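Okay, structure first, notes after.
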Amino acid sequence: MSSITLSTWLDAARPKTLPLAIACILCGSAVAAQTDRFSITVTLLALVTALLLQILSNLANDYGDAVKGTDNDDRLGPKRAIQQGLVTTTTMKKAMVLNIVLTILSGAALVLTAFDQTADILSFIGLGALAIVAAICYTVGNKPYGYRGLGDLSVLIFFGWLGVAGTYYLQTGSLSSAVLLPATACGLLAVGVLNINNLRDIDNDKACGKHTLVVRMGPRWGRMYHQVLLTGAFGCFALYAMLEHAPLTGWLFILALPLAIKHGKAVWSSPDGETVRPMMADIVKVALLTNCLFAIGVLVS
83 MSSITLSTWL DAARPKTLPL AIACILCGSA VAAQTDRFSI TVTLLALVTA LLLQILSNLA
143 NDYGDAVKGT DNDDRLGPKR AIQQGLVTTT TMKKAMVLNI VLTILSGAAL VLTAFDQTAD
203 ILSFIGLGAL AIVAAICYTV GNKPYGYRGL GDLSVLIFFG WLGVAGTYYL QTGSLSSAVL
263 LPATACGLLA VGVLNINNLR DIDNDKACGK HTLVVRMGPR WGRMYHQVLL TGAFGCFALY
323 AMLEHAPLTG WLFILALPLA IKHGKAVWSS PDGETVRPMM ADIVKVALLT NCLFAIGVLV
383 S
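83 is the number of the first residue of the sequence shown in this note's numbering; add one for each residue after it.
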């Protein structure tokens, strides 16, 4: 791997997707900060672990889609490392192994810092192992779940429920039912990012046997589904604010609504994958801005 430039590995890590990992940790930590058991150390370790898991998923996607032939000249998304011939499949597997080791070390430090009860430690070790397997098996293996239309559910679970609610539990040692609302909102916005990816590459995915949820439902329903994801996310944040009797500052996330509406309209009117391609940056901005404004609102309320 030493002969490969650092910029190649940075591109393979797909830094534009990393805000999703940052958002869920930020969201969960902000809600946890309202308690007296908040720890900045736990927050930073959770952030590092989440970023490593996200990078692992990206490396595994590079490998899995390349091996299966999904990364080809017909794909509209950015060309990946193996597809361009910059990295061999063998080297990519070595990079994945290194990433797994780093993830395990970071995750172990996180769990041991956050907990002193054996049951909690073992439970989160199990969840961490599940997250590693999920990151790899999205596109890798004989029956990758990303090729069966289950990617959306996985993103909702790991970037929403486990990412946000798990961070809250790591901080507080307890779980509030209210935190499931921002957890769901954060997860739905992350699913929105995946949905744009799948809308963009729907034709190539279908031709290659990658039956994403969008391929299964078709482009029109896929665009309608995107509106549901955006609406559901803001609805969950709003419901949380109402249930928590949040002051005006607790509604800061509403400031991101115009951007989300503009994005939703653009997706709805897009005729094909080519027009969807530039919208990936837009949905990432919507997701990150909405979560950041929510977190700031919770912290200052």
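Think of the CB as a built atom: it goes at the ideal place given N, C-alpha and C, for glycine as much as any other residue.
From a predicted model like this one, the values you see are computed outputs, not experimental measurements.
With respect to the alpha helix (DSSP H) encompassing residue i, which residues constitute its N-terminal and C-terminal limits?
| i | result |
| --- | --- |
| S139 | I122 to K150 |
| F206 | T200 to C219 |
| D234 | G233 to L238 |
| S188 | T171 to A196 |
| G255 | It is not in any alpha helix (DSSP H) - G255 carries neither H nor E in the DSSP assignment. |
| L352 | As written in the sequence, residue 352 is Ser, which differs from the Leu given in the question. Per DSSP, S352 belongs to no alpha helix (DSSP H) and is neither H nor E. |
| A114 | P101 to A114 |
| D93 | L88 to A94 |
| V297 | L295 to M299 |
In the structure shown, what three-state DSSP assignment does residue i receive?
| i | result |
| --- | --- |
| P360 | coil |
| A320 | helix |
| K225 | coil |
| L168 | coil |
| S383 | coil |
| D283 | coil |
| K292 | coil |
| P97 | helix |
| K367 | helix |
| L270 | helix |
| N154 | coil |
| H308 | helix |
| K347 | helix |
| P340 | helix |
| R230 | helix |
| A163 | coil |
| F264 | Sequence check: residue 264 is Pro here, not Phe. Of the three classes helix, strand and coil, the one that applies to P264 here is helix, per DSSP. |
| A377 | helix |
| T249 | helix |
| A315 | helix |
| T117 | coil |
Measure the C-alpha to C-alpha separation of residue i and residue j and round it to an integer number of angstroms.
| i | j | result |
| --- | --- | --- |
| P329 | A265 | 20 Å |
| G379 | G242 | 19 Å |
| A247 | Q166 | 38 Å |
| T221 | L212 | 15 Å |
| L127 | T200 | 19 Å |
| T313 | C219 | 30 Å |
| T249 | F240 | 11 Å |
| T90 | V169 | 8 Å |
| S236 | V296 | 15 Å |
| G223 | W333 | 44 Å |
| M306 | P97 | 28 Å |
| M83 | K161 | Only weak support exists for where M83 lies, its pLDDT of 44 falling under 50; the value from the coordinates is given anyway. Roughly 19 Å between the two C-alpha positions. |
| Q253 | L204 | 16 Å |
| L135 | I214 | 7 Å |
| L194 | L238 | 26 Å |
| D147 | L209 | 25 Å |
| G428 | T173 | Missing from the structure shown is residue 428; the chain here goes from 83 to 383 and no further. |
| T152 | K292 | 8 Å |
| G346 | T171 | 37 Å |
| K344 | S352 | 12 Å |
| S121 | S383 | 19 Å |
| L102 | L108 | 10 Å |
| L257 | Y251 | 6 Å |
| L337 | K175 | 42 Å |
| T123 | A191 | 10 Å |
| M324 | V273 | 24 Å |
| L375 | F335 | 5 Å |
| L141 | H327 | 42 Å |
| T357 | H308 | 15 Å |
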